[in-house]
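Residue numbers (my numbering): 13 to 416. All C-beta atoms in this analysis are idealised placements derived from N, C-alpha and C, irrespective of residue type, glycine included.
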Amino acid sequence: MKRLPLIILLPLLAGCLRNEVSDKAFVKEGAACLTVTFDVPAGMDIDLGALTVKLQNKEKPFSYSMHPASDGRAEFSVQPGKYDILASAFFSDTHISVVGSVPYFLLTADGIVAEDGSVSAAQIRVPLNVSVPGELVFREVYYHGCVTLDGASYTKDTYLEIYNNTGSNGKTMYLDSLCIAALYPANSTTGSNAWAGRDTIPIFQMFWMFPGDGNSHPLKPGESAVVAAIAAVDHGGRCTSGLNLGKAHFGCYDETLPKHEISAGVTPMIMYMTGQGTAWALSIHSPAVVLFKPSMGVANYMKDAATWERYAPGESSGTRYRHIAKEWILDGVDCADSPYASIKRLPASVDASYVWMRSSHYSGKCISRVPESVENGIIFYRDTNNSAEDFLSDQTPAPHLNND
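Structure follows, in structure tokens:
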């Protein structure tokens, strides 16, 4: 059974009346009232009543959920605190998903408190995004690490698996010139994200490009490509995962990175350094990973440092970060250590929420995408841009390796 954080289902209120609510265990005198409304994309007709609106406390492990009323408004009466909002709906007949989110705000009995201390009315508008499943998606991401046969911490067996999710009547996709990256901040527990709400997203350390001339690396419907993140070797004699990544399709390998390894027969990815480091490692805590392709091509993207390198917002010195446009992202997943005390790095148009691991670090577990249906022997995986629903956490790694 999938374990979930405590969810309190609130009644639909005709109004936010502090003394006239049914759940007196949580809603008392001095409660914070919040009205949530929604911005629907132009030309779209969305049944707002189908949305599940979740208010997640960012300091304590509980949340509140409800459906909007007939007028399209969701009205909460809750404990004051720091929250984020996720609104989502999935229509299985069309595979269309609707998601929207607002990260991190402070809600008090007097209203919403801004960073400068000013207080505004407790009203939030959530922009909604409508999407269809991506053609290429992450099927598994294994980042939690395991232990060596002697019991020491071990992370060199991490990998990402990319899957052609076009279905039984789908088309062959080509990986050539696509890129993978981990995002900055590397961990979801790192204070706040200065880049939040912007149209570009910073990369952590470096990114990797699939080689090829455009037709070199086809991926048929239902096929996967496994990318070893550090060591594309057989880990069977090294650690408890027993993964043989010597059978991975690709490896993040460059001879300038001494911690990386690759076996004969594994195709090396092409490294583009954007920071400093001697290894490209996925955070064992909470990475955010993306599959993307710069619209102008990688070579031109790298030449244009004036546009695509900058200091963090609000800074004029320190580290200059390579960043990418959110429109370039084909798929991405935000991973967290918990549903609270975490930050968002991906925009709602890519991933409106996050998947979080319940197991301890070095548990040897991964996240794996939820199968939606099977037709003609080909699995179609769920992709709603809401990783809380799209992925299962704490799964045993089962990558689709070469010759498996």
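{"Query": "Those residues which DSSP pairs with Leu148 across a bridge", "Result": "Asn176"}
{"Query": "Beta-carbon gap between Ser180 and Asn397 smaller than 8 Å", "Result": "no"}
{"Query": "Host beta strand (DSSP E) of Tyr155 (start-end)", "Result": "Element bounds for Tyr155: n/a, residue is neither H nor E."}
{"Query": "Residues of its chain near Ser113, where Cβ-Cβ distance is below 8 Å and the 5 sequence neighbours each way are ignored", "Result": "Asp96, Ile97, Leu98, Ala99, Val138, Lys356, Ala360, Ala364 and Ser365"}
{"Query": "Start-to-end residues for the alpha helix (DSSP H) that takes in Thr408", "Result": "Counting along the chain, Thr408 falls outside any alpha helix (DSSP H), and DSSP gives it neither H nor E."}
{"Query": "Burial state of Pro230, where buried means 16 or more other Cβ atoms lie within 10 Å", "Result": "exposed"}
{"Query": "Extent of the continuous beta strand (DSSP E) run through Thr64", "Result": "Thr64 to Asn69"}
{"Query": "Contacts around Asp395, its chain only, beta-carbon distance under 7 Å, and the 5 residues preceding and following it disregarded", "Result": "Pro145, Gly146, Val149, Asn177 and Asp402"}
{"Query": "Backbone secondary structure at Ala193 - three-state DSSP", "Result": "strand"}
{"Query": "Pairwise C-alpha distance: Ala400 and Ser8", "Result": "This structure cannot speak to residue 8, because the chain is shown only from 13 to 416."}
{"Query": "Touching by the beta-carbon criterion (3+ pairs, under 8 Å), the segment 300 to 309 and the segment 186 to 198", "Result": "yes"}
{"Query": "Contiguous beta strand (DSSP E) assignments of at least 3 residues, all confined to the segment 275 to 354", "Result": "282 to 285, 300 to 304, 321 to 323, 332 to 337 and 341 to 348"}
{"Query": "Continuous alpha helix (DSSP H) stretch holding Ala400: start and end", "Result": "Ser399 to Asp402"}
{"Query": "Same chain, Cβ closer than 6 Å to Gly263, neighbours up to 5 away in sequence not counted", "Result": "Ala240, Ala244, Ile274, Val278 and Pro280"}
{"Query": "Three-state secondary structure assigned by DSSP to Leu46", "Result": "strand"}
{"Query": "Beta-carbon spacing of Tyr323, Pro214 below 8 Å", "Result": "no"}
{"Query": "As assigned by DSSP and simplified to three states, the class of Phe38", "Result": "Since pLDDT at Phe38 reaches only 43, below the 50 mark, its modelled position is unreliable, and no value is offered."}
{"Query": "Run of the beta strand (DSSP E) containing Glu87, from where it starts to where it stops", "Result": "Ala86 to Val90"}
{"Query": "For Thr396, the three-state DSSP class (helix, strand or coil)", "Result": "coil"}
{"Query": "Spatial distance of Ala276 from Gly258 (CA atoms)", "Result": "8 Å"}
{"Query": "Own chain residues within Cβ distance below 7 Å of Thr268, not counting five before or after", "Result": "none"}
{"Query": "DSSP-derived helix/strand/coil call for Gly209", "Result": "coil"}
{"Query": "Bounding residues of the beta strand (DSSP E) (the contiguous stretch that carries Ile2)", "Result": "The displayed coordinates of the chain run from 13 to 416. Any statement about residue 2 would go beyond what the structure contains."}
{"Query": "Collapsed DSSP secondary structure at Lys259 in the structure displayed", "Result": "helix"}
{"Query": "Buried versus exposed, by CB contacts within 10 Å (16 or more), Lys40", "Result": "Note that Lys40 has pLDDT 48, beneath the 50 cutoff, so the model's placement of it is unreliable and no number is given."}
{"Query": "Backbone CA spacing between Cys378 and Ala44 [nearest angstrom]", "Result": "38 Å"}
{"Query": "Alpha-carbon spacing of Thr212 relative to Ala337, whole angstroms", "Result": "4 Å"}
{"Query": "Residues sharing a beta bridge with Lys94, DSSP", "Result": "Leu118"}
{"Query": "C-beta atoms of Leu413 and Val153 nearer than 8 Å", "Result": "no"}
{"Query": "Beta-bridge pairing of Ile58 - partner residues as DSSP gives them", "Result": "For Ile58, which the question treats as bridged, DSSP gives no partner whatsoever."}
{"Query": "Beta-carbon proximity check, Ser236 vs Arg151, cutoff 8 Å", "Result": "yes"}
{"Query": "Asn388 classed as buried or exposed, judged by whether at least 16 other C-beta atoms fall within 10 angstroms", "Result": "exposed"}
{"Query": "Cys5 - containing beta strand (DSSP E), residue span", "Result": "Since the displayed the chain opens at 13 and closes at 416, residue 5 lies outside it and no answer follows."}
{"Query": "Which residues DSSP lists as bridging Pro53, in chain order", "Result": "Bridge partners of Pro53: none, in fact."}
{"Query": "Range of the contiguous beta strand (DSSP E) that encloses Met369", "Result": "Premise fails: Met369 is in no beta strand (DSSP E) and is neither H nor E."}
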